Amino acid sequence: MSQKPEPELDTLATPPDELRGSLKALADAVARETADADERPELITPEQIEDFALQDDYALNPEYIQLVIDAADRNDGLRLRDLLDALHPADVADLLGFLSEDYREQVIPWIPADALPEVLPELDDGIREEIVENLRPVDLAEVLQELDSDDAAAVFEDMEAEQQQAVLAAMDPEDREAMVTSLAFEEETAGRLMQREVVAAPDFWNVGDAIDHMRAHGADLPELFFDVYVISPTHKPIGALPVSLLMRTPREVRLSAIMEPITEIEVHMDQEEVAYIFEKYHLISAPVVDQGGRLVGQITVDDIVNIIQEENREDILALAGVSDEEGRDSTVFEVVRSRLPWLCVNLLTAFVASSLIGMFQSEIEKLVALAVLMPMVASIGGNSGTQALTVSVRALSARELTTANALRTVWREVRVGWFNGAVIACILGCVAGAVWQNPMLGVTIALAVLINLTAAALAGTLVPLTLSKLDRDPAVASPIFVTMVTDCIGFFSFLGLAAIILL
30 MSQKPEPELD
40 TLATPPDELR
50 GSLKALADAV
60 ARETADADER
70 PELITPEQIE
80 DFALQDDYAL
90 NPEYIQLVID
100 AADRNDGLRL
110 RDLLDALHPA
120 DVADLLGFLS
130 EDYREQVIPW
140 IPADALPEVL
150 PELDDGIREE
160 IVENLRPVDL
170 AEVLQELDSD
180 DAAAVFEDME
190 AEQQQAVLAA
200 MDPEDREAMV
210 TSLAFEEETA
220 GRLMQREVVA
230 APDFWNVGDA
240 IDHMRAHGAD
250 LPELFFDVYV
260 ISPTHKPIGA
270 LPVSLLMRTP
280 REVRLSAIME
290 PITEIEVHMD
300 QEEVAYIFEK
310 YHLISAPVVD
320 QGGRLVGQIT
330 VDDIVNIIQE
340 ENREDILALA
350 GVSDEEGRDS
360 TVFEVVRSRL
370 PWLCVNLLTA
380 FVASSLIGMF
390 QSEIEKLVAL
400 AVLMPMVASI
410 GGNSGTQALT
420 VSVRALSARE
430 LTTANALRTV
440 WREVRVGWFN
450 GAVIACILGC
460 VAGAVWQNPM
470 LGVTIALAVL
480 INLTAAALAG
490 TLVPLTLSKL
500 DRDPAVASPI
510 FVTMVTDCIG
520 FFSFLGLAAI
530 ILL
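Taken in order, the sequence shown gives residues 30 to 532; the numbers are from the numbering used here.
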């Protein structure tokens, strides 16, 4: 019986060296994948999200925002929950501002329920309106009842009238009364800004009485407070006791013996006045009193920081003729509507300046250099006027510029205008005379620059001062008038001097 030949195995097997090379390549690929896993955004674990979400300057990481968008595209709710759980409520509010309306609709339902009360007060007004429109009145009532009264009022006023009535009906009677009372005050006043939750103690108590009372009623205390206000039998604040002082003073000491003086805020005071008082006297908190002098609430420094930022933002935007209502989600029509009126006013002032140029048309035709140099005079004057205007508006806002020092301030700005004008005039006059080989042209433009920078300094100071005396916001209309002055004076002085000296 013949034996069958063995198969030639060496023709089917992989050569040992080639096999080892393939295995090594596979091992290297696995190693690289493992090493890079922590750096790939899509593979970041829930524990790593918190460190990945923010950059060193506490701004949201663009890659983190992209993670949120990718999860929303996949309708991956669990991933969205993990991504949102790691953020501070203020960062969640910031995130919603970066997302489009469609993505917000997908992300909002996955915001943790316990974080929503802290997120709502941090949101831009427009985005907050979107959220409250999609919440049930019962849920909104529950959220508002967890907020301090000042934050609750800010959220409540963004609702439509019908929704407000439904939310009030769902609230507890005590919280409903507090809400109605807060909204009774005008917007941007201390009454609207204050929180009604406050810690007060009668003047006959000692330190031990106050501490025992706070411990026994901890659930009713404000979430954040710095002072215990000492009140008279008529409920009028007569002093304040910082919590730090209270905790290190013996129990038997009377509150009236260690209380500190207070700065009272009247409920109808404008919030800008309140911010000024806090900044001037370095306050952490202050009691708010009604017209009868009775304690009705308190304002804390965290609210004032927001007000100072809002007022500064309004002033900066107003200087450029931009409405403070413009936001990241403003439509094209809304932005155009806020900016176009001021551009139209600027167009009218430009017509005035153009008419002055038309008066010297024949002079310009005789000397083309006038047309070339004329915009430089107006431009330099405009920049100088903007400098003086910005300083004046800031000084008026900080109460550093009043009628008491107005003359001294105007005189200082005029001297600054002279010195700056002299330096610029010398430089521009020499350059113009050399380029056009006409020394008198250099003298003409030098004199025009000196005159215009002096006028710019006067306008940049006197225009905002005048508007302030007329109870108008100096930041809103001042730039238009200062630009008109510098353009008109610049064109008229240059062309007028040219007509006298050169032609």
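Beta carbons: idealized from backbone N, C-alpha and C, even for Gly.
Small disclaimer: the values here were computed from a predicted structure and weren't measured.
Task: Spatially closest choice to LEU312 from ALA382, ILE509, PRO290 and GLY411, by CA coordinates - done: As a first step, residue 312 is located in the sequence shown; it is residue number 283 there, counting from the start. Ranking the options by Cα distance to LEU312, first place goes to PRO290.
TODO: Check GLY321 in the structure and name its three-state DSSP category.
DONE: Indexing the sequence shown from 1 puts residue 321 at position 292. Looking at GLY321 - three-state DSSP - the assignment turns out to be coil, as it is neither helix nor strand.
- [ ] Give me the Cα-Cα distance between VAL142 and GLU186, rounded to the nearest whole angstrom.
- [x] As a working note, residue 142 is residue 113 in the sequence shown. As a working note, residue 186 is residue 157 in the sequence shown. Checking the sequence shown, residue 142 turns out to be Ala, not Val. Spanning the two alpha carbons is a distance of roughly 21 angstroms.
Task: Nearest-angstrom beta carbon gap, VAL422 and THR483 [assumed within contact, 8 angstroms] - done: By one-based count along the sequence shown, residue 483 stands at place 454. By one-based count along the sequence shown, residue 422 stands at place 393. Their Cβ separation, rounded to whole angstroms, is 20 angstroms, which puts THR483 and VAL422 out of contact at 8 angstroms.
Open item on the list: I'd like the list of long-range same chain contacts for ALA183, defined as Cβ closer than 7 angstroms, with 5 residues on each side in sequence excluded.
Closed with: Walking along the sequence shown from the start, residue 183 turns up at place 154. So the qualifying residues of the chain are PRO150.
Task: Burial state of THR329 (16 or more Cβ within 10 Å) - done: Mapped onto the sequence shown, residue 329 falls at position 300. It is buried - the Cβ of THR329 has at least 16 other Cβ atoms within 10 Å.
Task: Euclidean distance between Cα positions of SER178 and ILE306 - done: The count along the sequence shown starts at 1 and reaches residue 178 at position 149. The count along the sequence shown starts at 1 and reaches residue 306 at position 277. Straight across, the Cα-Cα distance linking SER178 with ILE306 is about 22 angstroms.
Task: Cutoff 7 angstroms; reference PHE520; Cβ partners in own chain excluding five residues on either side - done: Counted from its first residue, the sequence shown places residue 520 at position 491. Here PHE520 has ALA382, LEU385, ILE386, MET403 and ALA407 as same chain residues with Cβ atoms under 7 angstroms from its own Cβ, once five neighbours each way along the sequence are excluded.
Open item on the list: Quick check on DSSP: helix, strand or coil for TYR258?
Closed with: Taking the sequence shown and counting its residues from 1, the one referred to as residue 258 is at position 229. Collapsing the DSSP output to three states places TYR258 in a strand.
- [ ] Return the bridge partner residues of ASN235 from the DSSP annotation.
- [x] On the sequence shown, residue 235 is found 206 positions in, with the first residue counted as 1. DSSP, once it has assigned bridges, lists ARG283 as partnering ASN235.
Open item on the list: Across the region 252 to 265 and the region 320 to 329, are there enough close Cβ pairs to call them in contact, namely three or more that are closer than 8 angstroms?
Closed with: Yes, since at least three Cβ pairs between the region 252 to 265 and the region 320 to 329 fall closer than 8 angstroms, the two stretches touch.
Task: CA-to-CA distance, GLU175 to LEU109, given in whole angstroms - done: Here residue 109 refers to the residue found at position 80 of the sequence shown. Here residue 175 refers to the residue found at position 146 of the sequence shown. C-alpha separation (whole angstroms): 25 angstroms.
Task: Nonlocal neighbours in the same chain, by C-beta distance under 6 angstroms from ALA424, ignoring five residues either side - done: On the sequence shown, position 395 is the one that residue 424 refers to. Here the set comprises LEU430.
- [ ] From the DSSP output, read off the bridge partner residues of PRO316.
- [x] As a position in the sequence shown, residue 316 is number 287, starting the count at 1. In DSSP, PRO316 forms a bridge with GLN327.
Open item on the list: ALA101 and ILE78 - do their beta-carbons sit closer together than 7 angstroms?
Closed with: Your numbering for residue 78 matches position 49 in the sequence shown. Your numbering for residue 101 matches position 72 in the sequence shown. It is not a contact, given that the beta carbons lie outside the stated cut-off.
- [ ] With a threshold of 6 angstroms, establish whether the CB of GLU79 neighbours any heavy atom of the ligand FAD.
- [x] For the structure depicted, the ligand FAD is absent and the ligand set is empty, with no information on it obtainable.
Task: Straight-line Cα distance separating ASN449 from ILE294 - done: Mapped onto the sequence shown, residue 294 falls at position 265. Mapped onto the sequence shown, residue 449 falls at position 420. Those two C-alpha atoms are separated by around 44 angstroms.
Open item on the list: Distance check for GLN327 and VAL317, CA to CA, integer angstroms please.
Closed with: Locating residue 317 in the sequence shown gives position 288, where the first residue counts as 1. Locating residue 327 in the sequence shown gives position 298, where the first residue counts as 1. When the Cα atoms are used, VAL317 and GLN327 turn out to be separated by approximately 5 angstroms.
Open item on the list: Here's a check: name, in chain order, each residue in its chain whose Cβ is nearer than 6 angstroms to the Cβ of ALA58, leaving out the five neighbours to either side.
Closed with: Position 29 of the sequence shown, counted from the start, is the residue given in the question as residue 58. For ALA58, the predicted structure reports a pLDDT of 49, less than 50, and the residue's modelled location is therefore unreliable. A value from the coordinates is still provided. Nothing listed; no residue qualifies.
Open item on the list: Against chain D, does ALA229 count as a neighbour if the rule is that its beta carbon must be under 7 angstroms from one of theirs?
Closed with: Among the chains in the structure shown there is no chain D, since it carries only a single protein chain.
- [ ] Could you tell me the distance, in whole angstroms, from the CA atom of LYS395 to the CA atom of ALA475?
- [x] On the sequence shown, residue 395 is found 366 positions in, with the first residue counted as 1. On the sequence shown, residue 475 is found 446 positions in, with the first residue counted as 1. Cα-Cα distance, rounded: 20 angstroms.
Open item on the list: Checking the sheet assignment: what are the DSSP bridge partners for GLN224?
Closed with: Translated into the one-based positions of the sequence shown, residue 224 becomes position 195. GLN224 pairs with GLN327.
- [ ] Quick one: grab the DSSP three-state call for ILE456.
- [x] The residue labelled residue 456 in the question sits at position 427 within the sequence shown. Under the three-state reduction of DSSP output, ILE456 falls in the helix class.
Open item on the list: My output table needs one value for PRO150: the three-state DSSP class, helix, strand or coil.
Closed with: The residue given as residue 150 occupies position 121 in the sequence shown. Residue state, collapsed to three classes: helix.
Open item on the list: Taking 7 angstroms as the threshold (C-beta atoms), are LEU526 and ALA486 in contact?
Closed with: Locating residue 486 in the sequence shown gives position 457, where the first residue counts as 1. Locating residue 526 in the sequence shown gives position 497, where the first residue counts as 1. It is not a contact, given that the beta carbons lie outside the stated cut-off.
Task: Cβ-based burial, MET208 [other Cβ within 10 Å; buried from 16] - done: What you label residue 208 is simply residue 179 of the sequence shown in a count that begins at 1. Flag for MET208 reads buried.
Task: Pair within 7 angstroms by beta-carbon distance, ILE156 and LEU125 - done: What you label residue 156 is simply residue 127 of the sequence shown in a count that begins at 1. What you label residue 125 is simply residue 96 of the sequence shown in a count that begins at 1. The Cβ atoms of ILE156 and LEU125 lie closer than 7 angstroms to each other.
Open item on the list: Can you tell me where the alpha helix (DSSP H) holding GLY126 begins and where it ends?
Closed with: To locate residue 126, count along the sequence shown from 1; it is residue 97. Counted as a single uninterrupted DSSP element, the alpha helix (DSSP H) harbouring GLY126 occupies residues 118 to 127.
Task: DSSP state of ILE291 mapped onto helix, strand, coil - done: Your numbering for residue 291 matches position 262 in the sequence shown. Assigned with DSSP and collapsed to three states, ILE291 falls in coil, not helix or strand.
- [ ] Find out if the Cβ-Cβ distance for the pair ALA25, TYR258 is shorter than 7 angstroms.
- [x] Any answer about residue 25 is impossible in this case: the structure gives the chain only from 30 up to 532.
Open item on the list: Please tell me whether ALA195 and PRO166 are closer than 7 angstroms, where the distance is taken between their beta carbons.
Closed with: Translated into the one-based positions of the sequence shown, residue 195 becomes position 166. Translated into the one-based positions of the sequence shown, residue 166 becomes position 137. Closer than 7 angstroms, so yes.
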